[in-house]
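Peer 1: Let me give you the structure first, and then I'll get to my questions.
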Amino acid sequence: AIGFPLIIYFAAHHVCNEAYLTSGISDRLRADRRRQLRAAAIVLHTLLYFTLLRSEFAQVFVRRGYVASAADMLQPSIYFFIPLLLAYAGYFIALYRVRSEVDRQSLLELSIVELAGLGLLAVSFVTPIRFLDVVCYHFVFWWFYPASKMDQRGPALVVHYAGWMIALVGATFLLSPAVMPDYPFRDSIYLRQFLLWSHIHITSSFFLSNAHPEWIRRWFMPGRAVRAALQASS
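Residues in the sequence shown are numbered consecutively from 739, following the working numbering.
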């Protein structure tokens, strides 16, 4: 099983990525409107993350007597979803207030991930969504998303990026139990490597990626270093 701390640590990383995905658009908004929209996005994606992964926390709800069995988490009471519904309302109210500051294309970009979340929520009523499902989505999305930005600078850069990604992912699979018929290590070793590199990836992203709040980046890059990094990424 995947460790509970990683689910929480990954939540901080994933939520920030989702909320700051369109920072290029929201940075053009008035400061007060930008703060409101980002705060609403962070609340929304936090609640969406834990609502989609409610089956992962089923035993906690069973022990506390909120549901009779883990299977009940697939379709819990409507009251369970009220915080998420309020978060959606808050986000789209904040988005409505900035409609005059952005064009139609930008409005679509500011809402498409949130609308897709409703689709995933519908799926979660039919089949449990697990932690590794979200990790897989995150991995695939961030594999292709940078390529869409690089394409603006020429196809050669996209080809170079794709080549490196294919090589690195291919090498990982070649060393995994999925490919090696006589895997020389215990499964627990592969799991520990997964946990180790997941924590390294998440931690490093806090200061390498600008898809995070500035105050989080300050935690990991004190003083002059963070100011230089923020200026370089702006």
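Ideal Cβ placement from N, Cα and C applies to all residues, glycine included.
Give a yes or no on whether 8 Å exceeds the smallest Cβ distance from Tyr-826 to chain D.
Peer 2: Chain labels in this structure do not include chain D; a single protein chain is all it has.
Peer 1: First and last residue of the alpha helix (DSSP H) that includes Val-840?
Peer 2: Val-840 -> no alpha helix (DSSP H), and no H or E assigned at all.
Peer 1: Assuming Thr-760 and Glu-847 make a contact with CB atoms under 8 Å, what is their CB distance in whole Å?
Peer 2: Their Cβ separation, rounded to whole angstroms, is 5 Å, which keeps Thr-760 and Glu-847 in contact under 8 Å.
Peer 1: Give me the Cα-Cα distance between Arg-837 and Arg-776, rounded to the nearest whole angstrom.
Peer 2: One C-alpha to the other measures close to 15 Å.
Peer 1: With H, G and I counted as helix, E and B as strand and the rest as coil, what does DSSP make of Thr-865?
Peer 2: Coil, per DSSP.
Peer 1: Using only the alpha-carbon positions, how far apart do Gly-741 and Phe-882 sit?
Peer 2: At Gly-741, the pLDDT of 47 sits below 50, so the modelled position is not reliable; the number obtained from the coordinates is stated separately. Spanning the two alpha carbons is a distance of roughly 27 Å.
Peer 1: Rounded to whole angstroms, what is the Cα-Cα separation between Met-903 and Val-805?
Peer 2: Roughly 43 Å separates the two Cα atoms.
Peer 1: Hey, how far is the Cα of Phe-932 from the Cα of Ser-849?
Peer 2: If you take the alpha carbons of Phe-932 and Ser-849, they lie about 32 Å apart.
Peer 1: Taking DSSP as the reference, what is the three-state secondary structure of His-939?
Peer 2: Helix, per DSSP.
Peer 1: Can Gly-855 and Val-781 be called in contact, C-beta distance under 8 Å?
Peer 2: The answer is no: Cβ separation not under 8 Å.
Peer 1: Please report the distance separating the alpha-carbon of Phe-795 from that of Arg-891.
Peer 2: In a straight line, the C-alpha of Phe-795 is about 44 Å away from that of Arg-891.
Peer 1: Is it true that the CB of Ala-885 sits closer than 8 Å to the CB of Tyr-875?
Peer 2: Contact: no.
Peer 1: In this structure, how does DSSP classify Phe-923 when only helix, strand and coil are distinguished?
Peer 2: Here Phe-923 sits in coil by DSSP.
Peer 1: Could you name each continuous beta strand (DSSP E) segment of 3 residues or more that falls completely within the region 881-918, going from the start of the chain to the end?
Peer 2: None, since the region 881-918 contains no complete beta strand (DSSP E) of that length.
Peer 1: Using a Cβ-Cβ cutoff of less than 7 Å, which residues in the same chain neighbour Ala-739 once the five nearest sequence positions on both sides are dropped?
Peer 2: Here the model assigns Ala-739 a pLDDT of 45, short of 50, so the residue's position is not dependable, and the following value carries that caveat. Excluding positions up to five away in sequence, the list is empty.
Peer 1: What's the C-alpha gap between Ser-793 and Ser-815?
Peer 2: Taking the straight line joining both Cα atoms gives about 14 Å.
Peer 1: Using a Cβ-Cβ cut-off of 6 Å (strictly less than) and excluding sequence neighbours within five positions of Ala-778, which residues of its own chain qualify?
Peer 2: Answer for Ala-778: Gly-828, Tyr-829 and Ala-832, listed in chain order.
Peer 1: Under a three-way DSSP split, which group does Ala-827 fall into?
Peer 2: Three-state DSSP puts Ala-827 in a helix.
Peer 1: By alpha-carbon positions, which one of Tyr-834, Leu-824 and Ile-745 ends up nearest to Phe-788?
Peer 2: Of Tyr-834, Leu-824 and Ile-745, the residue nearest in Cα terms is Ile-745.
Peer 1: Does Val-805 come out as helix, strand or coil in the three-state DSSP assignment?
Peer 2: Val-805: coil per DSSP, three-state reduction.
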